Amino acid sequence: MNRTKRNLILLFSSLGLLLLWQGIAKSVDIPVIMPSLGPIFRALGFLAGGPSFPLNLLATILRALRSFIIIVISGTVLGLIGGRNQTVSLILKPFVTTLKATPVMSVILLAFIWFSSGSVPLFSAFLMGFPVMYLQIEHGVRQLDPNLGEMCDLYDIPPKAKLFYCALPSLAPWFVAGSKATLSMIWKVVIASEVLTVPRYGVGSRMQLAQVQLQTDVVLSWTLIAIALTALGDLFFEGVVSLVVRTRSTVQRRRVDALLKRF
Amino acid sequence: MNRTKRNLILLFSSLGLLLLWQGIAKSVDIPVIMPSLGPIFRALGFLAGGPSFPLNLLATILRALRSFIIIVISGTVLGLIGGRNQTVSLILKPFVTTLKATPVMSVILLAFIWFSSGSVPLFSAFLMGFPVMYLQIEHGVRQLDPNLGEMCDLYDIPPKAKLFYCALPSLAPWFVAGSKATLSMIWKVVIASEVLTVPRYGVGSRMQLAQVQLQTDVVLSWTLIAIALTALGDLFFEGVVSLVVRTRSTVQRRRVDALLKRF
Amino acid sequence: QEADPGTIRLGVMAGPTGFSSAGLDQPDIDIEVFPSPNEVIARLANGELDMAALPTNVAANLYNKGVGIRLAAVIGNGMLSLISSKGGMDVRDLYGATLHLPGAGSTPDQMARLLLKWADLVEGKDIFFDYSVAAPAQLAQLLIAGKVDYALLPQPFVSMVLDRSPQAAQLLDVQALYAELTGSATYPMSVLVVSEKFASTYPSSFRRVLAGYKNSVDWVNGNPALAAQKIEDLGIMAKTLAQNAIPHCNLVYESASEAKDAVTFYFEQLYSLDPSSIGGSVPGDELYL
Amino acid sequence: MRFSNVSKAYGGHIVFDRFSFALDPKTIMSVVGPSGGGKTTLLRLAAGLIEPDSGTVEKDEGKVSFLFQEPRLLPHVNVWANVEVTLRAFYEQEERNRIALHYLELAEMKESLHLYPHELSGGMRQRVAIARAFAHPAELMLLDEPFQSLDIRLRMHLIKAFLTLWEEERRTTIFVTHDTKEAILIGDRVLCLGDPHEPWMDEYINIPRIARDVHDPALMALEAKLFGLLTRS
Amino acid sequence: MRFSNVSKAYGGHIVFDRFSFALDPKTIMSVVGPSGGGKTTLLRLAAGLIEPDSGTVEKDEGKVSFLFQEPRLLPHVNVWANVEVTLRAFYEQEERNRIALHYLELAEMKESLHLYPHELSGGMRQRVAIARAFAHPAELMLLDEPFQSLDIRLRMHLIKAFLTLWEEERRTTIFVTHDTKEAILIGDRVLCLGDPHEPWMDEYINIPRIARDVHDPALMALEAKLFGLLTRS
Ligand SMILES: Nc1ncnc2c1ncn2[C@@H]1O[C@H](COP(=O)(O)OP(=O)(O)OP(=O)(O)O)[C@@H](O)[C@H]1O
Ligand SMILES: Nc1ncnc2c1ncn2[C@@H]1O[C@H](COP(=O)(O)OP(=O)(O)OP(=O)(O)O)[C@@H](O)[C@H]1O
Ligand SMILES: [Mg+2]
Ligand SMILES: [Mg+2]
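Chains as they are written, first to last, in this note's numbering: chain A, 53 to 315; chain B, 53 to 315; chain C, -9 to 279; chain D, -3 to 229; chain E, -3 to 229.
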């Protein structure tokens, strides 16, 4: 399927979604709760022009990115270890299970003590996202082809090369699936925690304020922005993945070409 | 690694976690915020003996199970379709992205209007969990070995047999990883939504009240129960997986034996 | 001679509880606004706040849990109303209906239970409580939309609903009913608490803050428009909402000794309802400064 | 089965360039050729698994069975089910069991019906793939080096069995091999790939299969020719 | 390299039962045997990839190179990197490039260095695996049917290259094959597996490799014997 067709389908299904909203909004006909598209986009234009708009956006993005990076790194490293070593996996199990189970609400208090209120979204995002990433990688490691591992060990392929040439490429689909799921969750958790803790800047903080003032159209236009952020995150991720794959193949090809020229 | 050793390691690491808590609690020394283990377990004993304990527990379990089943079925079916058919995947993309991004807070109102108030936890669990499951399966389908698919098609293996003999077993690791991540999230989201919406019965409802009344020990003993639920869910899941694998191999073996006896 | 306490940290919650601090003009008082009582409580317990404005029952609860605080003054009296989203309703229509409450264990919830008890009605049989919309703002939204029939709400949401929805009407003035049933003029909804350590280490600074606070309450009540601007600047609530609500919020300043009887009486009522709601026992005289 | 001016390239690498041939129905064509010469590609084109870049592949035969160059067994089911499942679309259970068992017995896999692919030796996997390909009620059989990694006895046994089966029910067959003797003893025609545009060699063998003998001068000449083609650099 | 009373069973299936042999250093042992007879298992035991159930496998040789029965290439890197990466632990970059290129050229893969395994034909994959196994500076070489799925020319070319290399630097080698001729032309000794307890045949060939000729009566007798062993049922 070519690019244009892809984008067309995406466009149409997005339009379909908007139309669906409009239809329901018209039939429900209670603007305080479900405004139609007109007011939402008007509010969107208005707030996008506001002076603190970039600040709020940036604050949320930074929070999401920070927790994303922390989760991806810690989840991947621990997942790699836990997938290979059953003892480590068992030792981590109670911690992961606890993280998986502890309701965010009951740690927010603790988070308040240990961190400043701006860090609470980070903390709760970590709690929600870490198990997803960790389990994903752990599972992926368990699914690695033992035949290839055997080959690598027998041929004394150094650990670094084994990681980059064998393990990581095979883990990539798990890593990508995990990262996407994690990122999608992080946006939500960060915004939800911002709504709860109202840091000075943040999409969630603005939502909370608009909600208290019953400006549903504003709430929804912030929601639209959140959706756009998520979609951009996805796009970015897909871009990075295809870039890495292409770069890898170009680099390998270049090295072969350079080599052939010399010998 | 044998069973006994596994269980021993698990036991010790769980104990380590408890000791860690106790250590921090003792050093923080603010029981309203971080009670030590004594009061928590006392409260646990007390509430476990209460008359409405099974009702609260059951209500939460049923909510979690219902949304889990809905998510697993819908996520798997749509994931299977979306993974094979790029058009469907593109059409679903805006919906999934929206689901992934929409903060639970801003749909609670809609949920309230469309469903009865007891359904809000179900609805939010769906919103949080569905993208995880869907993306997981979609990704898994994309990773299926095209060689095997080619073989199945060429040999006219009927769709049902193809599903059960080829696709599902290959998707199993993705399905298991997705289900575990989803289930772990559902416990949390259901309880968090119960905290927000306080249905008559539910672990989260009890937590909310205890939290408002600053009974941190009670909050934490409910948290312990939630952790136990999650751990049980995990165990159950692992049990089911190993049961399915063993049953399948026994069934296949039996059929071979029966056949050899007859011919 | 008393040492300089440095910056005095006062924690208030977003919402009307924080209104009365808007007129504080002493430069060494740092007002921090928090979205929920939880955060205030954590900081108080932690020693990161010297003073805080809190719901009355939370103060008792904290005190009973061994957090070193004292009640310095009552700063807000009752301001709850039972609203129906359709006009022409009567209190009797509530029988068998569902009453929405913003948050289990909140003051509206406690008040609703008290009234029910006094009326000899049983929740779950004669009337049904629904907590599924915990945020008062969202409840207000649903009332305006007519999706919810009855709700017990605090200010400023009461005025908000009444302003925006022509059908909505107040069915009950909870304060009036409370007075009628108990003989006590009203009930204290929010109080100013001070950490025990601060009060005993810096008594004169503390007295200065209290005096300032009293002036602040008067100023806010007297200048709603100016105060509303200040309230928005502090991040407590939006200007438009605050300005309309200030007259209805029953902001007062009653020193601990003046208010002690009313507060104790209120605690006794809550205790009879559920001892845990105030931490297990009615606090003695030591709570009051 | 007919290729008309078929072209196929991967990237810049041209495998076929206006390549044509017609396959006589119900005969066996042996295909030999250098490694990377396009034998597997030819089979895949014939099966319809890939489309030619230009030209047409016409096919009168209906169902196809393909013995892939690698065994391609279902990893999660045992030997028995690997064969049985490919017959589901065609036979009732009773019939299916009989057929599957028959072919697995032929491939000497009856002792190992309950084993999973990862528990098999390389040759055993190949045997399961053979049983599967032979059992399938196809009108066109595409066999990509079917007898590789088998020991001599099995190889001879399976070649004999294959020819017996084939005489019972003739099906159009393309048989890829690296063994010139096999190619000559089995094929009604031997095609030697090597040039994208036309085969290096394309000869019919008009001696009846049962009468063929490696010491027959005609066949020896043919083998020598093939050998010469395949060993020139 | 010495097996002493090695036993190995999978489930109930006994592959080796108190099986012993000693390998002379710096010689080539050809191993033939029926499919499923334990050839791959023997190599895996020798490499230390599996442990015997009882008995011991002693090994004086250090590094091992193993040509697996399947190519086992890294799917995400190209042909070039598949070989180069196995040399990282031993050589500096310059040296590594030279060696990898040399062996890939030997396997006639120089044209396809940039292709990925899924873009290769079956024989090409096998050639990459051969290049990798030969390039590895091992003292013990374990080759599991190295020349399968290659055409005759390549086969001859690689056998010659292998022997030349081997004469340059002798390494202890176990060479598994199904081709009795290959076994006899290459091995210093031919072992025919078949019985869990002892080999069906274990003969030394004392004719120098260069002087060997398939028409030599001694070798013909040996081949006939092997053939007889492998074709009896
Ligand atoms: N992992 C395993 N689990 C169970 N059985 C196994 C396993 N590996 C090998 N076997 C069995 O061991 C026996 C010997 O296998 P091996 O792979 O050594 O045979 P081989 O001589 O290499 O055969 P081939 O020539 O077909 O490759 C076979 O019967 C096989 O079924
Ligand atoms: N998917 C692909 N992508 C790129 N190139 C390919 C692909 N498949 C095959 N080729 C190339 O096409 C050529 C022919 O491949 P093919 O598999 O038909 O050879 P073959 O005759 O079967 O060889 P062998 O005897 O080694 O199996 C090879 O050069 C190979 O590199
Ligand atoms: Mg091929
Ligand atoms: Mg083998």
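All C-beta atoms, glycine included, are put in the ideal place defined by N, C-alpha and C. None of these values were measured; they are calculated from a predicted model.
Test: residue i CB closer than 8 Å to a CB of chain D
i        : result
Tyr6/E   : yes
Asn199/B : yes
Ile189/B : no
Alpha carbon of residue i to alpha carbon of residue j, nearest angstrom
i        : j        : result
Leu277/C : Leu133/C : 39 Å
Ala4/C   : Gly225/C : 7 Å
Asn59/A  : Tyr6/D   : 28 Å
Gly68/C  : Val164/C : 8 Å
Val247/B : Thr268/A : 23 Å
Leu19/D  : Pro195/E : 47 Å
Leu200/C : Leu276/B : 43 Å
Arg205/D : Lys214/A : 52 Å
Lys313/A : Arg307/A : 10 Å
Val292/A : Ala229/A : 14 Å
Leu109/D : Trp76/D  : 5 Å
Ser31/D  : Val303/A : 28 Å
Ala35/C  : Val84/B  : 8 Å
Ser245/A : Pro103/A : 23 Å
Met259/B : Val250/B : 9 Å
Gly34/D  : Leu189/D : 7 Å
Leu235/A : Gly285/A : 8 Å
Thr176/C : Gly101/B : 39 Å
Presumed contact (8 Å Cβ cut-off) between residue i and residue j, rounded CB distance
i        : j        : result
Ala217/C : Ala12/C  : 5 Å
Ile238/B : Ala116/B : 5 Å
Val193/B : Leu142/B : So it is not a contact: roughly 15 Å between Cβ atoms.
Asp49/D  : Ser3/D   : 5 Å
Glu141/D : His174/D : 7 Å
Closer than 8 Å to chain A by CB, residue i
i        : result
Leu263/C : no
Lys59/E  : yes
Asn93/E  : yes
Phe171/E : no
Ile61/B  : yes
Gln157/C : no
Val2/E   : no
Cβ of residue i within 8 Å of any chain B Cβ
i        : result
Val183/C : no
Val57/C  : yes
Leu220/A : no
Below-8 Å beta-carbon distance, residue i vs any chain E residue
i        : result
Phe315/A : yes
Pro103/A : no
Min CB distance residue i to chain C below 8 Å
i        : result
Gln265/B : yes
Val250/A : yes
Unbroken stretches of the beta strand (DSSP E), 3 residues or longer, contained in the stretch 11 to 62 of chain C = 19 to 24, 41 to 45
ask   = Can you give, in chain order, each stretch of the alpha helix (DSSP H) that sits fully within the stretch 112 to 191 of chain A and has at least 4 residues?
value = 138 to 153, 156 to 166
message = Runs of 4 residues minimum, wholly inside the stretch 140 to 188 of chain D: which ones carry the alpha helix (DSSP H) assignment?
response = 148 to 164, 176 to 182
inquiry  = As an exercise, report each continuous alpha helix (DSSP H) stretch of at least 4 residues that is fully enclosed by the stretch 53 to 92 of chain E, in chain order.
reply    = 75 to 80
task = Taking only runs that begin and end inside the stretch 214 to 275 of chain C, name each unbroken alpha helix (DSSP H) of 4 or more residues, in chain order.
result = 214 to 224, 229 to 235, 246 to 263
request  = With a floor of 3 residues, list each beta strand (DSSP E) that falls wholly inside the stretch 159 to 210 of chain C, ordered by position along the chain.
outcome  = 159 to 163, 178 to 185
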